[in-house]
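Asker: This is the structure, below, for whatever I ask next.
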């Protein structure tokens, strides 16, 4: 099947592009040693860059994709062909960007990123004070990130551009949660209007697990007051704040949404999401609800060697996605039943179909 045939097949089924986001990992290398990252607790980290020649093999499929995020388990700014990758993606039509520590960004590099066509960029911070940020994101300097943000603003104004759209990504931990209420004012002062609060999802050590702020059971969470205060301040300063829940929620499809999104590792392996194919030996360790689990890495094929149509239509990949399709179907059936007045009986009898086996011990399936 040619790419044109593959693309047309999807367009017959859906309005617009069938895929929302493809996350493409350019490198697994990173200059930081963040204390909550699984890289800091792994001795078998696989260092690898995707070659430009291999990256070009993905390009024909991007016509079917709305957004391309050029990042994975590493820092994309370290990839020597990042600018070329951005230009090549833009030629295929998707919006393109990445999240970064901002380390090493210079005025010239910022100009080159703008000229390449960068649409969005997120800056990852772990505190609004230099001390808190540096304590968590080791080898990172908050002032360096702020300088990079100002460089982008300066160049956007100079060239009269509305892109790239910038946002802050703040990973919430017990060590920095007290600074979350100050984030909206911090962002507004920088001229940034979007903040994404995130949870620690993949944990490999008890110390990492102890840093999470979410709870496995319902009830009162002592950290909720910080998030509620942040929401009030976000409205006050005109900043959009996206926050996750602090308690488990039955979600039919996790936020990674493998029905419309996927992840491509630096080695070309196609996986439903970044958390199922870390650059570690398989099986890899994961801590979930205080227990250790060993999970086999999930790949449904290598896009460098196999046409994507064959990968997408593999029986095991179809079964993986069908698990989520069935969960969506059941929740819709429940909603219709509740509207029909069968609330008590239907809620009592409702059983959520299981997610795929590798997802049962992932915090994303709990809505975090």
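Numbering (the working numbering), first residue to last: -9 to 358.
In this text, a Cβ means the ideal position worked out from N, Cα and C, and glycines have one as well.
This one's a predicted model, so the numbers in the text were calculated from it and none came from an experiment.
#1: Tell me which same chain residues have a C-beta within less than 6 Å of the C-beta of residue 111, skipping the five on either side of it?
#2: Can you tell me the Cα-Cα spacing of residue 30 and residue 23, whole angstroms?
#3: Between the Cα of residue 34 and those of 83, 76, 270, spot the shortest distance and give me the residue it belongs to.
#4: Going by CA-CA distance only, name the one from 191, 12, 40 that's closest to residue 53.
#5: For residue 211, which residues of its own chain have a beta-carbon under 6 Å away from its beta-carbon, when the five flanking residues on both sides are left out?
#6: If you pair each beta-carbon of the segment 318 to 326 with each one of the segment 140 to 150, do three or more pairs fall below 8 Å?
#7: Mind checking whether residue 174 and residue 106 have CB atoms under 9 Å apart?
#8: For residue 162, tell me which candidate among 99, 190, 177 has the shortest Cα-Cα distance.
#9: Need the endpoints of the alpha helix (DSSP H) that residue 222 sits in, please.
#10: Let me see if you follow: with CB-CB separation under 9 Å, is residue 130 close to chain D or not?
#11: Return the chain-ordered list of same chain residues with a C-beta closer than 7 Å to the C-beta of residue 44, the five sequence neighbours on each side being excluded.
#12: Just verifying my parser: in three-state terms, what is the DSSP assignment at residue 127?
#13: Between the Cα of residue 140 and those of 96, 124, 123, spot the shortest distance and give me the residue it belongs to.
#14: Since residue 146 is in the beta strand (DSSP E), which residue starts that stretch and which ends it?
#15: Could you tell me the distance, in whole angstroms, from the CA atom of residue 196 to the CA atom of residue 126?
#16: Rounding to the nearest angstrom, what Cα-Cα distance links residue 132 and residue 73 in this structure?
#17: What residue does the beta strand (DSSP E) around residue 198 start on, and which one ends it?
#18: Measuring straight from C-alpha to C-alpha, what distance separates residue 286 and residue 56?
#19: Decide if residue 281 is buried, meaning its Cβ has at least 16 other Cβ atoms within 10 Å, or exposed.
#20: Are the beta-carbon atoms of residue 91 and residue 160 separated by less than 9 Å?
#21: Going by DSSP in three states, residue 45 sits in which element: helix, strand or coil?
#22: If you draw a straight line from the C-alpha of residue 120 to the C-alpha of residue 51, how long is it?
#23: Based on Cα-Cα distance, which residue from 313, 68, 166, 351 lies nearest to residue 342?
#24: Count the other CB atoms, across all protein chains shown, that sit within 10 Å of the CB of residue 284; report buried if there are 16 or more and exposed otherwise.
Answerer: In this structure, then:
#1: 87, 154, 156
#2: 6 Å
#3: Minimum Cα distance to residue 34 is reached at 270.
#4: 12
#5: Here the set comprises 205, 236.
#6: Contact fails between the segment 318 to 326 and the segment 140 to 150, because fewer than three Cβ pairs, one in each stretch, are under 8 Å apart.
#7: no
#8: With distances taken between Cα atoms, residue 162 lies closest to 190.
#9: 214 to 227
#10: Among the protein chains of the structure shown there is no chain D, as only one such chain exists.
#11: 258, 294
#12: coil
#13: 96
#14: No beta strand (DSSP E) holds residue 146; the alpha helix (DSSP H) holding it covers 132 to 149.
#15: Straight through space, the alpha carbons of residue 126 and residue 196 are spaced by roughly 16 Å.
#16: 24 Å
#17: Not the beta strand (DSSP E): residue 198 falls in the alpha helix (DSSP H), residues 196 to 199.
#18: 30 Å
#19: exposed
#20: no
#21: Judged by DSSP in its simplified three-state form, residue 45 adopts helix.
#22: 42 Å
#23: The option with the nearest alpha carbon to residue 342 is 313.
#24: Counting Cβ neighbours within 10 Å, residue 284 comes out exposed, since fewer than 16 surround it.
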